Amino acid sequence: MRRIPVAQPLLGANEREKVLSALDAGAISGAFGEWIGRFEREFAAYCDCAHGVAVSSGTAALHVALAALEIGPGDEVLVSTLTNMATFFAVHYTGATPLPIDIEPDTLNLDPRLLEGKVTERTKAIVVVHLFGHPVDMDPVLSVARKHGLFVVEDCAEAHGAQYRGKRVGGLGHIGCFSFYANKVITTGEGGMCTTDDPVLAERMRSLKSLAFGGENKFMHAGIGFNYRMTNLQAAIGCAQLEKISAILEMKREIAGEYNRLLGGCPDLLLPVEKDYARNIYWMYHIVLRGRASGGRTDLMARLAEDGIETRETFIPYTLQQHLPLPEGVGPADCPEAGKVAFSGFYLPSGPEIDRGDIAFVADRLLHAIDSVSL
Ligand SMILES: Cc1ncc(COP(=O)(O)O)c(C=O)c1O
Numbered sequence: 007m008r009r010i011p012v013a014q015p016l017l018g019a020n021e022r023e024k025v026l027s028a029l030d031a032g033a034i035s036g037a038f039g040e041w042i043g044r045f046e047r048e049f050a051a052y053c054d055c056a057h058g059v060a061v062s063s064g065t066a067a068l069h070v071a072l073a074a075l076e077i078g079p080g081d082e083v084l085v086s087t088l089t090n091m092a093t094f095f096a097v098h099y100t101g102a103t104p105l106p107i108d109i110e111p112d113t114l115n116l117d118p119r120l121l122e123g124k125v126t127e128r129t130k131a132i133v134v135v136h137l138f139g140h141p142v143d144m145d146p147v148l149s150v151a152r153k154h155g156l157f158v159v160e161d162c163a164e165a166h167g168a169q170y171r172g173k174r175v176g177g178l179g180h181i182g183c184f185s186f187y188a189n190k191v192i193t194t195g196e197g198g199m200c201t202t203d204d205p206v207l208a209e210r211m212r213s214l215k216s217l218a219f220g221g222e223n224k225f226m227h228a229g230i231g232f233n234y235r236m237t238n239l240q241a242a243i244g245c246a247q248l249e250k251i252s253a254i255l256e257m258k259r260e261i262a263g264e265y266n267r268l269l270g271g272c273p274d275l276l277l278p279v280e281k282d283y284a285r286n287i288y289w290m291y292h293i294v295l296r297g298r299a300s301g302g303r304t305d306l307m308a309r310l311a312e313d314g315i316e317t318r319e320t321f322i323p324y325t326l327q328q329h330l331p332l333p334e335g336v337g338p339a340d341c342p343e344a345g346k347v348a349f350s351g352f353y354l355p356s357g358p359e360i361d362r363g364d365i366a367f368v369a370d371r372l373l374h375a376i377d378s379v380s381l
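Heads up: the sequence shown at position 151 corresponds to 157 in our numbering, and the numbers run straight through without jumps.
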């Protein structure tokens with residue numbers, strides 16, 4: 007039976023050649039080697055940003071960004087409730103309190119209209135998440151941020167190359183945070199990057215990610231740092247991956263176009279959107295079941311698995327997590343829209359190498375399964 011994975015990295019001779027050159031040079035750590043600086047410069051340039059700081063993961067990128075903004079105990083940070091919980095964890099690492107914000111029902115991104123009502127005198131920052139590759143509507147976010155003097159951090163883990171009003175994500179707020187985990191648009195296995203136009207923030211992040219070593223005397227540390235260094239081996243793979251990012255993004259859009267064509271007529275599915283301000287990169291083709299199919303996710307996913315089709319559930323929103331600390335008085339009722347998709351959404355195979363035949367097979371099996379589970 008053929009097996010269709012949700013995603014697989016596109017690795018080839020170029021990645022092999024570059025990583026071997028790092029290995030041959032003996033530059034395997036995150037402290038030395040030509041590839042780290044090169045990957046930082048090239049990726050930052052790709053995002054139209056002045057600076058890139060490579061780190062060990064997307065989670066580390068978020069933590070180091072918030073630490074560089076000096077966010078800490080007593081501060082509040084507004085965060086989209088529907089995200090990988092890493093976004094919330096990073097706020098917790100700083101000792102600040104994350105406040106979940108509900109989503110728009112179509113983009114599934116944070117609803118900017120809800121921000122103003124959540125700002126208090128303790129609010130320090132907004133973390134937006136460009137979920138599944140669709141950029142957040144940034145203008146209203148930035149206007150609330152300007153009005154109240156808040157920092158804006160973009161979680162771009164799922165949105166490399168996505169555009170908001172013609173500008174790539176990563177440079178729309180104060181700091182952009184990317185992940186290069188294996189299922190991301192481009193990958194270094196594990197890895198991340200912070201992007202910014204602010205040289206002071208860039209320098210702070212560069213210091214913090216590498217134990218805040220001292221200048222004149224390396225071991226007279228400038229503060230409490232972290233070891234979040236990306237290795238030169240990973241950066242070499244990143245440089246190779248960056249050479250194919252445009253091709254990968256084109257494939258992602260083609261995959262989404264094909265799914266849209268095949269699934270567009272089904273009234274039981276809410277398909278990904280692309281707002282007029284957005285260029286969606288469709289990191290993963292995420293769908294929400296509705297109407298007669300809305301309670302059938304478990305059955306549907308099991309049926310697709312029987313056909314060799316791998317799928318993955320939507321994130322569980324922060325407001326529905328059972329083991330994470332919610333701020334006092336905050337609960338599921340604060341984020342009803344996220345509650346509606348939490349247990350009825352999932353994503354379909356969206357890796358760059360999936361072919362038209364596989365897409366047609368997935369769509370056919372899905373429509374067939376919807377018909378049988380919703381009877
Ligand atoms: C939206 C979002 N934020 C943060 C992360 C964390 O990135 P990493 O796994 O590289 O730590 C991920 C994914 O893994 C993500 O999807």
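Don't be surprised by glycine CBs; every beta carbon is placed ideally from N, CA and C. Keep in mind that this is a model prediction, so the values were computed, not measured.
Who are the Cβ neighbours of G80 in its own chain at under 7 Å, not counting the five residues just before and after it?
Within the sequence shown, numbered from 1, the residue matching residue 80 stands at position 74. Excluding sequence neighbours, G80 sits near R128.
4 or more residues per run - each alpha helix (DSSP H) lying fully within the stretch 46-127:
Annotation: the stretch 46-127 contains the following complete segments of the alpha helix (DSSP H) (minimum length 4 residues), in chain order: 64-74 and 92-100.
Against chain B, does K215 count as a neighbour if the rule is that its beta carbon must be under 9 Å from one of theirs?
The chain labelled as chain B is not found in the depicted structure, where only one protein chain is given.
Can you check which of these residues, H136, A60, G64 and I322, is closest to F352 by C-alpha distance?
Reading the sequence shown from its first residue, position 346 is the one you call residue 352. When each option's Cα is compared against that of F352, the closest is I322.
In three-state DSSP terms, what is D361?
Against the sequence shown, residue 361 aligns to sequence position 355. DSSP, reduced to helix, strand and coil, places D361 outside both helices and strands of the structure shown, so it counts as coil.
Among all the DSSP beta bridges, which residues are the ones paired with E160?
Here residue 160 is taken as the residue at index 154 of the sequence shown, counted from 1. The beta-bridge partner set that DSSP reports for E160 consists of V134 and G182.
For V147, count neighbouring C-beta atoms within 10 Å of its own C-beta (all shown protein chains included) and say buried if the count is 16 or more, exposed if not.
For the purposes of this step, residue 147 is identified with residue 141 of the sequence shown, where counting begins at 1. Counting Cβ neighbours within 10 Å, V147 comes out buried, since at least 16 surround it.
On the premise that H140 lies in contact with T113, defined as a C-beta separation below 8 Å, what is that separation, rounded to the nearest angstrom?
Taking the first residue of the sequence shown as 1, we reach residue 113 at position 107. Taking the first residue of the sequence shown as 1, we reach residue 140 at position 134. Their Cβ separation, rounded to whole angstroms, is 5 Å, which keeps T113 and H140 in contact under 8 Å.
Which of the three DSSP states is assigned to L217 in this structure?
One-based indexing of the sequence shown puts residue 217 at position 211. Note: L217 maps to coil in three-state DSSP.
Just checking, does the stretch 231-251 make contact with the stretch 259-269 on the three C-beta pairs under 8 Å criterion?
The stretch 231-251 vs the stretch 259-269: no contact.
Mind checking I230: buried by the 16 CB within 10 Å criterion, or exposed?
Working through the sequence shown from its first residue, we reach residue 230 at position 224. Flag for I230 reads exposed.
Does ligand 3 have a heavy atom nearer than 8 Å to the CB of D203?
Among the ligands present in this structure, namely ligand 1, ligand 3 is not found.
So, with DSSP's three-state summary, where would you put F232?
The residue you call residue 232 lines up with position 226 of the sequence shown. Look at F232 here: in three-state DSSP terms it is coil, with no helix or strand label.
If contacts are defined as beta-carbon pairs under 8 Å, then D340 and T325 qualify, I think. What distance do you get, rounded to the angstrom?
The residue given as residue 340 occupies position 334 in the sequence shown. The residue given as residue 325 occupies position 319 in the sequence shown. Yes, D340 and T325 are in contact; Cβ-Cβ is about 6 Å, under 8 Å.
Drop a sphere of 10 angstroms on the beta-carbon of L381, count the other beta-carbons inside from all chains shown, and report buried for 16 or more, exposed for fewer.
If you number the sequence shown from 1, residue 381 lands on position 375. Any reading at L381 must be qualified, since the residue scores a pLDDT of 48, below 50, and its modelled position is unreliable; the value itself is stated next. Its Cβ having fewer than 16 others within 10 Å, L381 is exposed.
Which residues share a DSSP beta bridge with T201?
The count along the sequence shown starts at 1 and reaches residue 201 at position 195. DSSP lists G58 and G182 as partners of T201.
Going by the C-beta, is Y187 closer than 8 Å to any heavy atom of ligand 1?
Here residue 187 corresponds to residue number 181 of the sequence shown, with the count starting at 1. For ligand 1, a non-hydrogen atom lies closer than 8 Å to the CB of Y187.
Proximity to K173 [Cα-Cα], best of E334, D30, C53 and S300
In the sequence shown, residue 173 corresponds to position 167, counting from 1. For K173, the nearest C-alpha among the options comes from C53.
Euclidean distance between Cα positions of G179 and T202
Residue 179 sits at position 173 when you count from the first residue of the sequence shown. Residue 202 sits at position 196 when you count from the first residue of the sequence shown. Computed Cα separation, rounded: 8 Å.
How big is the Cα-Cα spacing for G297 and I107?
Reading the sequence shown from its first residue, position 291 is the one you call residue 297. Reading the sequence shown from its first residue, position 101 is the one you call residue 107. When the Cα atoms are used, G297 and I107 turn out to be separated by approximately 25 Å.
Exposed or buried, what is N223 when buried is set at 16 or more other beta-carbons lying within 10 Å of its beta-carbon?
Residue numbering aside, residue 223 sits at position 217 when the sequence shown is read from its first letter. Counting Cβ neighbours within 10 Å, N223 comes out exposed, since fewer than 16 surround it.
Say the cut is 8 Å; is the CB of T65 nearer than that to a heavy atom of ligand 1?
The residue given as residue 65 occupies position 59 in the sequence shown. Between ligand 1 and the CB of T65, the shortest heavy atom gap is smaller than 8 Å.
Selected residue, minimal CA-CA separation from A253, among L17, R22 and D305
If you number the sequence shown from 1, residue 253 lands on position 247. Selected option, being the one with the closest Cα: L17.
Coarse secondary structure for H292, derived from DSSP in three states:
The residue labelled residue 292 in the question sits at position 286 within the sequence shown. In the structure shown, H292 sits in a strand (DSSP, three-state: E or B).
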